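As you go down the protein sequences, you meet chains A and B in turn. Each residue of the first sequence is one higher than the last, beginning at 100 in my numbering. Each residue of the second sequence is one higher than the last, beginning at -6 in my numbering. Just so you know, even glycine gets a beta-carbon here, dropped at the ideal spot from N, CA and C. Predicted, not measured: the structure shown is a model, and the values here were computed from it. Accompanying notes for the structure given below.
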Amino acid sequence: MVRENFCKCIEDLEKEVTQMGQMVIAAISRSVEALKVLDTDEAKRIISEDVLINKKRWDIEDKCIDLIATQQPVASDLREIVAVLFIVGELERIGDHAEGISKIVIMHGSEPLVKPLVDIPQMAEKAVDMLKKSVDAFLKRDAQAAREICSEDDKVDLLYEQVYRVLLNYMIENPRTITRATYLIWVAHNLERIADRITNICERIIFLVTGTMSEVNVSRY
Amino acid sequence: MEDTAKIETTGLNLYYGDFLTLQDVNIKIPEQNITAIIGPSGCGKSTLLRCFNRMNDLIEHTSVEGSIVIDDQNILEPNTDLISLRKKVGMVFQRPNVFDLSIYNNLKFGLRIHQMLNKKDEVMQAVRQGLEHVGLWGELKDKLGKNARMLTLEQQQRLCIARVLILKPDIILLDEPCSALDPISTLKIEDLLRVLKQEYTLVIVTHNMQQAARVSDYTGFMYLGKLIEFGQTQQVFTNPKEKLTENYISGHFG
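Below, the structure written as structure tokens:
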């Protein structure tokens, strides 16, 4: 095999994307756990650690640009690097959503939650599962898996609608819950956006494998 | 819309003695476009290029099967007039091969051979047009009497292209035309090729994959005498259909 050095660089790039994926997954899970127990200290930690995710994105982007400039990649090598550039952008924004949830935890403060959390943790679990599978699909170049992950976005959308309806009822019944219920709707919205961004990642994986770019799943939101 | 084919080969086989160098090559070279032929050394790309003006006839023990149609004419027919074929299908080589003559006489040479123009002012007009076409008139108009070998390699290569253009060909074959040139001169020649494709059909053989990607509209990839893939350059370089092409252009070969 020729271009061993280049292949090694591509492998390293994939490792870094995987690491970044794990960082983002941890941020999502931790932010929702912090919400469950209203742990503002943990929320602050998640916010401060978001810079590490951002830095990882810039590091990976730098490496992609270096590879383009020095190795003149073409065909699937080029598609992979272009896909990585977009994927890390999406991952970074997903990290921002986790940060957003943590900020809501701080705003929410110590007042009790308006209701026990049921659908929101499910949304988070679903989003984390989708993200884990999409990192896996990226590493395995599995376009079919990527398509299947996209179709799971509908389930997150349904959960979001459910959260929205339930909390609306709380607000109508008791206007004193409006602020806290709105916070939870914001959290659910962040999770819904995360799932959408995961479908964007999957579209890039399909592009990487097939060479054609298409919108796989048009979200309702 | 698909471009019309200027050159079309069907079932083209070429033997050097018993050795099958080109194997069942079927290619349509689109008119007024730049087509690049790429592939590893010895894959037959220069041999294919030389088929298009029957330069291989000059090599002993060469035999050809199949057909090569240019403008409805199978140029492999025995009655083909090779002189007019090579005038219609001009060729530029790897190293500039200017004659040891003045710039003016280098250009006049082909005209004289083909008995095209005899009047002095007509020849001068053709020389001027040829040099203008390749962007040399401004720099050389006062030096037409100087020996062409005094020119830089890039200027010499431009002069060689002008020498082809002056004979009013339809097709220009270029065999590694930039391999003797530095990167800046290479880019200038590539710019010239882009201008020329508005009037001519160009076929370029190159080892430089980036050059093929930069300059051509269509790319053919050859391997072991076969045309493995042919398509629009953008498609071949971003999403080739064949694994062999992918491995070659991305350097994962061998």
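Handout entry: Short CB-CB distance (under 7 angstroms) between residue 310 of chain A and chain B
Key = Indexing the first sequence from 1 puts residue 310 of chain A at position 211. Taking Cβ atoms only, chain B reaches closer than 7 angstroms to residue 310 of chain A, which makes this a yes.
Handout entry: Closer than 7 angstroms to chain B by CB, residue 102 of chain A
Key = For this step, residue 102 of chain A is matched to residue 3 along the first sequence. It does; some Cβ of chain B falls within 7 angstroms.
Exercise for the section: Would you give the residue range spanned by the beta strand (DSSP E) that residue 167 of chain A belongs to? Expected result: Translated into positions along the first sequence, residue 167 of chain A becomes position 68. Element bounds for residue 167 of chain A: not the beta strand (DSSP E) but the alpha helix (DSSP H), 139 to 170.
Exercise for the section: Using beta-carbon positions only, say whether residue 173 of chain A and residue 243 of chain B come within less than 7 angstroms of one another. Expected result: Along the first sequence, read from residue 1 onward, the residue named residue 173 of chain A stands at position 74. Along the second sequence, read from residue 1 onward, the residue named residue 243 of chain B stands at position 250. Contact: yes.
Problem - Bridge partner(s) assigned by DSSP for residue 211 of chain B - result: Counting from one through the second sequence, the residue named residue 211 of chain B turns up at place 218. In the DSSP output, where bridge partners are listed per residue, residue 211 of chain B has B:28, B:225.
Problem - Cβ-Cβ separation, residue 225 of chain A to residue 247 of chain A (assumed contact under 8 angstroms), whole Å - result: On the first sequence, residue 247 of chain A is found 148 positions in, with the first residue counted as 1. On the first sequence, residue 225 of chain A is found 126 positions in, with the first residue counted as 1. Incorrect: roughly 13 angstroms between the Cβ atoms, too far for contact.
Practice task
For residue 253 of chain A, decide whether its Cβ has a neighbour in chain B, counting only Cβ atoms nearer than 7 angstroms.
Solution key: Your numbering for residue 253 of chain A matches position 154 in the first sequence. Closer than 7 angstroms: no.
Practice task
Can you tell me the Cβ-Cβ gap for residue 200 of chain A and residue 131 of chain A, rounded? I've got them flagged as a contact below 8 angstroms.
Solution key: Walking along the first sequence from the start, residue 200 of chain A turns up at place 101. Walking along the first sequence from the start, residue 131 of chain A turns up at place 32. Rounded, the Cβ-Cβ distance is 7 angstroms, consistent with contact.
Practice task
List the endpoints of the continuous alpha helix (DSSP H) containing residue 181 of chain B.
Solution key: Locating residue 181 of chain B in the second sequence gives position 188, where the first residue counts as 1. Looking at the DSSP string, the run of the alpha helix (DSSP H) that includes residue 181 of chain B is 176 to 189.
Practice task
Show which residues of chain B have a CB atom less than 8 angstroms away from the CB atom of residue 183 of chain A.
Solution key: Taking the first residue of the first sequence as 1, we reach residue 183 of chain A at position 84. Here the premise fails: no neighbours, minimum Cβ distance about 16 angstroms.
Exercise for the section: Would you kindly check if the distance between the Cβ of residue 3 of chain B and the Cβ of residue 60 of chain B is under 7 angstroms? Expected result: Here residue 60 of chain B refers to the residue found at position 67 when the second sequence is read from its first residue. Here residue 3 of chain B refers to the residue found at position 10 when the second sequence is read from its first residue. Cβ atoms of residue 60 of chain B and residue 3 of chain B: closer than 7 angstroms.
Exercise for the section: Throw me the rounded Cβ distance for the residue 123 of chain B and residue 159 of chain B pair, which I believe falls under 8 angstroms. Expected result: Numbered from 1 along the second sequence, position 130 holds the residue referred to as residue 123 of chain B. Numbered from 1 along the second sequence, position 166 holds the residue referred to as residue 159 of chain B. About 4 angstroms separates the two Cβ atoms, so the contact holds.
Practice task
Can you tell me which of the three DSSP states residue 145 of chain B falls into?
Solution key: Stepping through the second sequence from its first residue, residue 145 of chain B is reached at position 152. Correct three-state label for residue 145 of chain B: coil.
Practice task
Please check the pair residue 237 of chain A and residue 116 of chain A, which I expect to be a contact at CB under 8 angstroms, by giving their CB distance rounded to whole angstroms.
Solution key: Within the first sequence, numbered from 1, the residue matching residue 237 of chain A stands at position 138. Within the first sequence, numbered from 1, the residue matching residue 116 of chain A stands at position 17. That belief holds up - the Cβ atoms of residue 237 of chain A and residue 116 of chain A are roughly 7 angstroms apart, short of 8 angstroms.
Practice task
Run through the stretch 29 to 86 of chain B for me and flag every whole beta strand (DSSP E) of 3 or more residues, listed as ranges in chain order.
Solution key: 55 to 63, 82 to 85
Problem - DSSP bridge partner residues for residue 95 of chain B (one or two, in chain order) - result: Position 102 of the second sequence holds residue 95 of chain B. Residue pairing from DSSP places residue 95 of chain B in a beta bridge opposite B:140.
Practice task
Starting from the beta carbon of residue 165 of chain A, find every residue of chain B whose beta carbon is closer than 8 angstroms, and list them in chain order.
Solution key: Walking along the first sequence from the start, residue 165 of chain A turns up at place 66. The premise fails here: residue 165 of chain A is roughly 17 angstroms from chain B at the closest Cβ pair, so nothing lies under 8 angstroms.
Problem - Contact list for the stretch 185 to 206 of chain B against chain A, Cβ threshold 9 angstroms - result: Residues are counted here when their Cβ sits less than 9 angstroms from a Cβ of chain A; for the stretch 185 to 206 of chain B these are 202, 203, 206, given in chain order.
Practice task
Could you tell me whether the Cβ atoms of residue 129 of chain B and residue 151 of chain B are closer together than 7 angstroms?
Solution key: Locating residue 129 of chain B in the second sequence gives position 136, where the first residue counts as 1. Locating residue 151 of chain B in the second sequence gives position 158, where the first residue counts as 1. Yes; because the gap between Cβ atoms is below 7 angstroms, this pair is in contact.
Problem - Under the three-state DSSP convention, the category residue 2 of chain B falls into - result: Here residue 2 of chain B corresponds to residue number 9 of the second sequence, with the count starting at 1. Note: residue 2 of chain B maps to strand in three-state DSSP.
Exercise for the section: Please state whether DSSP places residue 19 of chain B in a helix, a strand or coil. Expected result: Against the second sequence, residue 19 of chain B aligns to sequence position 26. Note: residue 19 of chain B maps to strand in three-state DSSP.
Exercise for the section: Starting from the C-beta of residue 220 of chain B, find all residues in its chain whose C-beta is less than 6 angstroms away, skip the five residues before and the five after it, and write them out in chain order. Expected result: Residue 220 of chain B sits at position 227 when you count from the first residue of the second sequence. Result list for residue 220 of chain B: 18, 20, 213, in chain order.
Exercise for the section: Excluding the 5 residues preceding and the 5 following residue 162 of chain A in the sequence, name in chain order all residues of the same chain whose CB lies nearer than 8 angstroms to its CB. Expected result: In the first sequence, residue 162 of chain A corresponds to position 63, counting from 1. Only 108, 111, 112, 115 meet the Cβ criterion.
Exercise for the section: Go through its chain and collect everything with a Cβ distance to residue 296 of chain A's Cβ below 7 angstroms, but skip five positions before and after it. Expected result: The residue you call residue 296 of chain A lines up with position 197 of the first sequence. If we look at residue 296 of chain A and ignore the five residues flanking it on each side, its Cβ neighbours are 189, 192, 193.
Handout entry: Nearest neighbour of residue 191 of chain B, chosen from B:217, B:163, B:218 [CA to CA]
Key = Taking the first residue of the second sequence as position 1, residue 191 of chain B is located at position 198. For residue 191 of chain B, the nearest C-alpha among the options comes from B:163.
Exercise for the section: Could you work out which residues of chain B lie near residue 177 of chain A, taking near to mean beta carbons separated by less than 7 angstroms? Expected result: The sequence position of residue 177 of chain A within the first sequence is 78, counting from 1. Going along chain B in sequence order, the residues near residue 177 of chain A (Cβ under 7 angstroms) are 231.
Practice task
Kindly list the residues whose CB is nearer than 7 angstroms to the CB of residue 166 of chain A, restricted to its own chain and excluding five residues on each side of it in sequence; keep chain order.
Solution key: Position 67 of the first sequence, counting from 1, holds the residue named residue 166 of chain A. Answer for residue 166 of chain A: 108, 172, 180, listed in chain order.
Handout entry: Beta-ladder partner(s) of residue 168 of chain B, from DSSP
Key = By one-based count along the second sequence, residue 168 of chain B stands at place 175. In the DSSP output, where bridge partners are listed per residue, residue 168 of chain B has B:198.
Handout entry: Option in B:222, B:126, B:179 with minimal Cα separation from residue 189 of chain B
Key = Working through the second sequence from its first residue, we reach residue 189 of chain B at position 196. That would be B:126, whose Cα lies nearest to the Cα of residue 189 of chain B.
Practice task
Report the three-state DSSP secondary structure of residue 246 of chain B (helix, strand or coil).
Solution key: As a working mapping, residue 246 of chain B is identified with position 253 in the second sequence. If DSSP states are grouped into helix, strand and coil, residue 246 of chain B belongs with coil.
Handout entry: residue 14 of chain B - DSSP class collapsed to helix/strand/coil
Key = Against the second sequence, residue 14 of chain B aligns to sequence position 21. If DSSP states are grouped into helix, strand and coil, residue 14 of chain B belongs with the strands.
Exercise for the section: Quick one: give me the first and last residue of the alpha helix (DSSP H) that residue 135 of chain A is part of. Expected result: Mapped onto the first sequence, residue 135 of chain A falls at position 36. Where residue 135 of chain A is concerned, the enclosing alpha helix (DSSP H) stretches over 103 to 136.
Problem - Below-7 angstroms beta-carbon distance, residue 173 of chain A vs any chain B residue - result: By one-based count along the first sequence, residue 173 of chain A stands at place 74. Chain B, which has a Cβ nearer than 7 angstroms to the Cβ of residue 173 of chain A, makes this yes.
Problem - Neighbourhood of residue 154 of chain B by C-beta distance below 6 angstroms, restricted to the same chain and skipping five residues each side - result: Counting from 1 along the second sequence, the entry for residue 154 of chain B is found at position 161. Closer than 6 angstroms at Cβ, skipping near neighbours: 85, 127.
Practice task
Run the CB neighbour count on residue 184 of chain B, radius 10 Å, all protein chains shown included, and call it buried at 16 or more, exposed below.
Solution key: Reading the second sequence from its first residue, position 191 is the one you call residue 184 of chain B. Per the 10 Å Cβ criterion, exposed.
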